[in-house]
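Residue numbers (the numbering used here): 4 to 177.
Built from N, CA and C at the ideal position, the CB exists for glycine as well.
It should be emphasised that the depicted structure is a prediction, and the values quoted were computed from it without experimental measurement.
Remarks on the structure that follows.
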């Protein structure tokens, strides 16, 4: 095992050649990247709030696709748990997409039971930022719209069809 600090390089004798590994001189080299370094770099591009770092991804994904992409990047979908986090995320998303209104997926849904909103980590949502307007208050989708997105113009939440493609917001431990 060689390397410096948190960025270690494992060098192990090569015993067999599984698909995708290419031996060099009888050894296979594997580089382990540090998640800490990844989140630090992400925070420089995103928004830090307390001990979390948030990053908007402009690519379009379904709710499930967005959740998977966040996991692949070492994070999870954004889960604003209080007014402070919500306001910080709303400001960040508004600045990111201005001008215009582009919704982003949050890690909130009521897929398990209609009207029972849970975060992606299966904890219950206790703070809400639903759109309240006499023409179109939210949530309004009943059993058809079970996943939550935040509008980039005002930060309000809307329930949406989970298979709709839109940008998404990931959170990482900072």
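Per-residue DSSP class, three states only, for residue i
i, result
"residue 114", "coil"
"residue 49", "coil"
"residue 177", "coil"
"residue 43", "Residue confidence for residue 43 is low, a pLDDT of 46 falling below 50, so the modelled location carries little weight and cannot support an answer."
"residue 161", "strand"
"residue 122", "strand"
Rounded separation between residue i and residue j - CA only
i, j, result
"residue 147", "residue 163", "8 angstroms"
"residue 117", "residue 166", "17 angstroms"
"residue 135", "residue 59", "25 angstroms"
"residue 154", "residue 161", "7 angstroms"
"residue 47", "residue 143", "37 angstroms"
"residue 57", "residue 120", "21 angstroms"
"residue 77", "residue 106", "23 angstroms"
"residue 99", "residue 129", "27 angstroms"
"residue 149", "residue 103", "24 angstroms"
"residue 68", "residue 91", "24 angstroms"
"residue 177", "residue 159", "25 angstroms"
"residue 172", "residue 145", "24 angstroms"
"residue 108", "residue 95", "14 angstroms"
"residue 49", "residue 174", "10 angstroms"
"residue 64", "residue 89", "22 angstroms"
"residue 115", "residue 152", "17 angstroms"
Same chain, Cβ closer than 7 angstroms to residue i, neighbours up to 5 away in sequence not counted
i, result
"residue 123", "70, 79, 80, 82, 110"
Residue i and residue j closer than 9 angstroms at C-beta
i, j, result
"residue 52", "residue 97", "no"
"residue 141", "residue 93", "no"
Nonlocal neighbours in the same chain, by C-beta distance under 6 angstroms from residue i, ignoring five residues either side
i, result
"residue 61", "170"
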